[in-house]
Amino acid sequence: MMKFYTYPKQREWKSLCARPALDSGNLEQYVRSILDAVKSHGDTALKEFSRKFDGFGSGKFAVSKSEIAAAEKKVSSELKTAVQLAKNNIGRFHASQKEREKKIVTATGVVCWRKSVPVEKVGLYIPGGSAPLFSTLLMLGIPAKLAGCREIIVCTPPDKKGNIAPEILYTAKVIGIEKIFKAGGAQAIAAMAFGTRTIPAVNKIFGPGNQFVTMAKMLVQQQGVAIDMPAGPSEVLVIADKTANPAFVAADLLSQAEHGADSQVMLVSDETQVVKNILREIEKQVKKLSRRKTAEKALQNSRAIVLRSREEAVLFSNEYAPEHLILATEDADALAEKVTNAGSVFLGNYSCESAGDYASGTNHTLPTHGFARSYSGVSLDSFVKKITFQEVSEEGILNIGPAIEQMASAEKLDAHKKAVSMRLDAIRQSPVKQSASQAIHALLRTNIVHAKPYSSARDDFSGSNKIFLDANENPFNTGYNRYPDPRQTALKEKISGLKNIPAKNIFLGNGSDEAIDLAIRAFCNPGEDKIIICPPTYGMYEVAAHINDVEVLKVPLTKNFQLDLKNIMAFSAHPGVKMIFICSPNNPTGNRINQEDIRTLLEKFHGIVVLDEAYTDFSPEGSMLLQLSPFINLIILQTFSKAWGLAGIRLGMAFAHESIISVFDKIKPPYNISELTQRLALEKLNDASKKNEAVTAINQQKNWLAEQLQNADGILKVYPSAANFLLVRFNNPEKVYRYLLDNGIVVRDRTAAVPGCLRITVGTPEENKTLIQLLKDFHRNEKNSLH
0 MMKFYTYPKQ
10 REWKSLCARP
20 ALDSGNLEQY
30 VRSILDAVKS
40 HGDTALKEFS
50 RKFDGFGSGK
60 FAVSKSEIAA
70 AEKKVSSELK
80 TAVQLAKNNI
90 GRFHASQKER
100 EKKIVTATGV
110 VCWRKSVPVE
120 KVGLYIPGGS
130 APLFSTLLML
140 GIPAKLAGCR
150 EIIVCTPPDK
160 KGNIAPEILY
170 TAKVIGIEKI
180 FKAGGAQAIA
190 AMAFGTRTIP
200 AVNKIFGPGN
210 QFVTMAKMLV
220 QQQGVAIDMP
230 AGPSEVLVIA
240 DKTANPAFVA
250 ADLLSQAEHG
260 ADSQVMLVSD
270 ETQVVKNILR
280 EIEKQVKKLS
290 RRKTAEKALQ
300 NSRAIVLRSR
310 EEAVLFSNEY
320 APEHLILATE
330 DADALAEKVT
340 NAGSVFLGNY
350 SCESAGDYAS
360 GTNHTLPTHG
370 FARSYSGVSL
380 DSFVKKITFQ
390 EVSEEGILNI
400 GPAIEQMASA
410 EKLDAHKKAV
420 SMRLDAIRQS
430 PVKQSASQAI
440 HALLRTNIVH
450 AKPYSSARDD
460 FSGSNKIFLD
470 ANENPFNTGY
480 NRYPDPRQTA
490 LKEKISGLKN
500 IPAKNIFLGN
510 GSDEAIDLAI
520 RAFCNPGEDK
530 IIICPPTYGM
540 YEVAAHINDV
550 EVLKVPLTKN
560 FQLDLKNIMA
570 FSAHPGVKMI
580 FICSPNNPTG
590 NRINQEDIRT
600 LLEKFHGIVV
610 LDEAYTDFSP
620 EGSMLLQLSP
630 FINLIILQTF
640 SKAWGLAGIR
650 LGMAFAHESI
660 ISVFDKIKPP
670 YNISELTQRL
680 ALEKLNDASK
690 KNEAVTAINQ
700 QKNWLAEQLQ
710 NADGILKVYP
720 SAANFLLVRF
730 NNPEKVYRYL
740 LDNGIVVRDR
750 TAAVPGCLRI
760 TVGTPEENKT
770 LIQLLKDFHR
780 NEKNSLH
C-alpha cells in the first residue's frame, strides 16, 4: 500500500517528490544500440527487434486497408459512439487554439507578425501491449490534422500474430490517418527518426511509452529529430480536504496506478482522517481491478502525505510538478490560481482525471517525471512552427534606423550598421516620399486594412428610377419605404459647397460620437493600443476607448486650459499610442485651444489627431478645416447639434483625408443616416442664414449672461467662452446646483472635472433671466440664513 507521512518538514519534500528509481542498468547504451542498428540496417533490424520484443517478425509492417475495414467490424457501436463524442470535444477544444494572424505596428512604418506553419511530417507513437491506448491516437491525431501536417504516420506494437488492436485502427480511420505501421518500442522511434524502406522519416515524434521509448525519444532528439516532450510513467497528485468524496479520490488514484508498475500516485491532505478514509477505499477498490497486481506494485511506489494547510499542499504539488493534479477541495478555484507546475489540472469532486484522458476535450499527452516545471502538454501549437515576418517601409527605417545604427556601432558590428546606413542615405537623397494612403495604411489595424465593407446592390443605382426588388422593403410607397442612399451623396455635396471641402473628405455619422467610435475602432488594436486625452474634456472620448478596450493616457490641460505640449509629446512616445483627442472650443471650459499648438502636434506626432470642433460656429477664430490638406493625420469633427439646432436628428460630420474617410465608410453600419435625418438636414442647409442668425443671437445672449454672472454675488469667476455655454466658478457650487434643480433649472455639475465649477448653456432670453433671478434669490437666502 501507499507509504503514509504526517507533517513532513519542507526540507524533506525533495525526497518525498522523488519518482520510482528505474532499474535501467545500461538503459541508455542499450537503447542507443537499437537506434544505431535501425539507422544502419533499416527494415532488417526492425524485423529482428520486432521478433525479439513483440514476438512478431514476419509479414509486412504497413497495415492494409482490408485490416482497417475488418477492425471496424470488431468495434461495438457503443464504443464507436463514445469515440465520436470524444473526437468532437477534442476537436472543438483544439480548434479554439488556432491563432489569427495579427500584424503589429511596432513603430510607424514597421509592421511585424507571426504565422503558424504546420510541421510537415509527424510520427505518432501509440502504445499497444496490454492496454492499447486508442485514446492517445485521438489526442495526437486530431490536432495534427487541425494543424494541417502534410504527412502523419502511426507506429504501434502488434500482438504475436501481427494484429493491431481494432480500437486503434478504427480510431485512425475516424480521424483520417491511413499510414499505420506495426512497430513498437525503441525500434519504432528509430524507424520514424531515421526512416527505413517501409517507414518514412518524420520531423517530429509524439507519444508516450515505457522507459525504452522515452530514452529513444531523448536520444533521437540529440540527433536533430524533434519530440513532443519526455513522457514516462503516468502519475497523479490529488489534494483532498474534508469535502472530498473518499471513494472518488481512491478511484482517481487507482486509475493512474493501473497504468503500470512504474506509475506513481500521490495523495496530499490537510487532515489525517481524510487520508485514512481514502486509503481504506483504495484497499477495497484495488481488489476488484482486473489489473490489480499492476496497481498494487504502483501503490508501493506511492505516498499519502498530511500537511498543515491546503496552501502548503499546493506548494508541495508545485515542487512535485505532477502530470495530473486533482483539486478535490471546497476552494478548488482559489487553489488553482496558485498552481505553477502541472501538466493538467482537474477542479472539484466531479472532475475526474479519466475525463481528461478520454472525452472532455483537453489533451492527455502530458509531461511526467517533474518535466511539468518546463514543458506543456501537447496542444495544437505542438504541431506547428511559428515563423516571424516583418515589413519595414521607408518611413519605418527612417524611424528606427538611427537606433539600429547606434546599437550596431556599440557592438562593433560595422556591416550591420552599414546595412541600415545605406538605406537611410538612399531615402534622404530620393525626392520620392511615402504617399498619404501608405502612411494611413501603416497606422490602421491589420484586420481593418483587409476588411471588406458591407455592399448594397443599391449603391450602383443611386438616384435612378429603376424598380428596386433587391432590399426586402415594403413595396407600398409611404414616402419612407426605401433605404436611404448609403453614401448620402446629395447631403455630402451640399456640405461640400458650404464648407468648401471636397465630398470625398466628408463622413456623415449618427452624431459625431459615431465618428469618435469609428476612429478608435479603425486605428487602435483592442487590449494593446492607447489614446491620449487632455482633461477636462469631452467625456465620450474615454467612454469610446473603454468600450473598444483601448487604454486612455491623460495629460491634463495647463492652468489656463491650454495643451501641455511637452508632456503630450512625452506620452506619445509610449508604445501603442495611436491617437490624440483635442476639443476646441473645449468642453467644459469653453476656451479655444491655441491653433499653433495643434499644428505642432500634427507635425511631430506620428499618429492621428482628432480635433473636435462641435462648438466652432460660436467662435470668431473659426475652424481648422483648411489644415486638412497639409496634414493627412488630422480628423476634424463637427456637428449639427449645436449651431444648427438639430440635436434631435443625430447628425455629425468628420472631415479627413480620403484614405481615412474610405476606412470609415468601410466599417460603418449600412444606412447609418436615416432618410428623415437627410431630409431635415438638407432643408436646413438650404437656408444657412438662419443658422447664422441663431449663432448671433446665442452669442449676444452669452455676452449678456456672462456680464450678469460677473456682477452677481457668490460667483468667483466666469471663464471666457468661444462656445454656447459658460463655465462658472461658484462659492458654493453644490448648493447652487441643488437650488437651481429644485427650482426647475438643470445645469451641468462639472466640479469633478474643474473644482468649484458649473457649466451653464445659453438659453432663451426668458430662460436666462429666470436663471439670473434664481441666483439672486439663492444668494439673498444664503445671506438671510447667516443672520
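So the sequence shown is residues 0 to 786, counted in numbering that gives the first Met the number 0.
Ideal Cβ positions, reconstructed from N, Cα and C, are used throughout, including at glycine.
Which one or two residues does DSSP pair with residue i in a beta bridge?
i: ALA655; result: ILE634
i: PRO117; result: VAL383
i: ARG758; result: LEU726 and ARG747
i: TYR4; result: ILE304
i: ALA225; result: LYS203
i: HIS778; result: In DSSP, HIS778 forms no bridge with anything.
i: GLN389; result: CYS111
i: ALA61; result: PHE180
i: THR155; result: LYS181
What are the start and end residues of the alpha helix (DSSP H) that includes residue i?
i: HIS545; result: 539-546
i: ASP596; result: 594-603
i: LYS86; result: 76-94
i: GLN210; result: 210-220
i: LYS292; result: 291-299
i: ALA312; result: 309-319
i: HIS363; result: Element bounds for HIS363: n/a, residue is neither H nor E.
i: PHE370; result: Unbroken run through PHE370: none, as it is neither H nor E.
i: PHE52; result: 42-53
In or out: residue i buried (at least 16 other Cβ within 10 Å) or exposed?
i: LYS8; result: exposed
i: PRO574; result: exposed
i: GLU11; result: exposed
i: GLN222; result: exposed
i: ARG779; result: exposed
i: ALA425; result: exposed
i: HIS545; result: exposed
i: ASP776; result: exposed
i: LYS432; result: Legend: pLDDT at LYS432 = 46, less than 50; position of this residue unreliable, value from coordinates given subsequently. With fewer than 16 other Cβ atoms within 10 Å, it is exposed.
i: SER63; result: exposed
i: ALA569; result: exposed
i: PRO430; result: Low confidence applies to PRO430: its pLDDT is 49, below 50, so where it sits in the model is not reliable, and the reading given next is rough at best. Answer is exposed; the Cβ neighbour count stays below 16.
i: GLY589; result: buried
i: THR5; result: exposed
i: GLN28; result: exposed
i: ILE466; result: exposed
i: PHE227; result: In the sequence under discussion, the amino acid at residue 227 is Asp, which differs from the Phe named in the question. It is buried - the Cβ of ASP227 has at least 16 other Cβ atoms within 10 Å.
Between which two residues does the beta strand (DSSP E) containing residue i stretch?
i: ILE532; result: 529-532
i: ALA106; result: 103-106
i: ASP611; result: 607-611
i: LEU507; result: 505-508
i: GLN263; result: 263-268
i: ILE325; result: 323-327
i: PHE580; result: 576-582
Among the candidates the options, whose CA atom is the shortest distance from the CA of residue i?
i: PRO535; options: PHE506, GLY342 and LEU556; result: LEU556
i: LYS782; options: ALA752, THR760, ASN730 and CYS756; result: ASN730
i: GLY108; options: GLY400, GLY54, ASP261 and LYS114; result: GLY400
i: SER14; options: CYS351, PHE55, ILE304 and LYS86; result: ILE304
i: LEU236; options: MET406, GLU100, LYS172 and GLU318; result: GLU318
i: GLY644; options: GLY376, GLN272, ALA518 and LYS683; result: LYS683
i: TRP703; options: VAL116, ARG481, ILE771 and GLU310; result: ILE771
i: ASN25; options: THR155, MET214, ALA192 and LYS46; result: MET214
i: PRO157; options: GLY651, GLY259 and PRO131; result: PRO131
i: GLN210; options: ILE744, GLN186 and LYS498; result: GLN186
i: CYS296; options: GLY259, VAL313, VAL267 and VAL727; result: A small correction: the amino acid at residue 296 is Lys; Cys does not occupy that position in the sequence shown. Considering only alpha carbons, the answer is GLY259.
i: PHE388; options: TYR670, TRP112 and ALA409; result: TRP112
i: ILE631; options: SER618, LYS603 and ARG649; result: LYS603
Contact between the segment 699-710 and the segment 732-745 is defined here as three or more beta-carbon pairs at a separation below 8 Å; is this criterion met?
no
Stretch-stretch touch, CB-based, cutoff 8 Å, three pairs: the segment 35-43 with the segment 146-159:
no
Check whether the segment 243-259 touches the segment 281-288, counting contact only when three or more Cβ pairs, one atom from each stretch, lie closer than 8 Å.
yes
At least 3 beta-carbon pairs within less than 8 Å: the segment 601-610 vs the segment 633-646:
yes
Taking 8 Å as the cut-off, does the segment 505-520 touch the segment 656-668 (at least 3 CB pairs, one atom from each stretch)?
yes
Would you check if the segment 349-361 and the segment 198-207 touch, i.e. whether three or more CB-CB distances between them fall below 8 Å?
no
Any contact of the segment 359-377 with the segment 338-345, i.e. 3+ C-beta pairs under 8 Å?
yes
Closer than 8 Å is the cut-off here; do at least three beta carbon pairs connect the segment 53-70 with the segment 160-170?
yes
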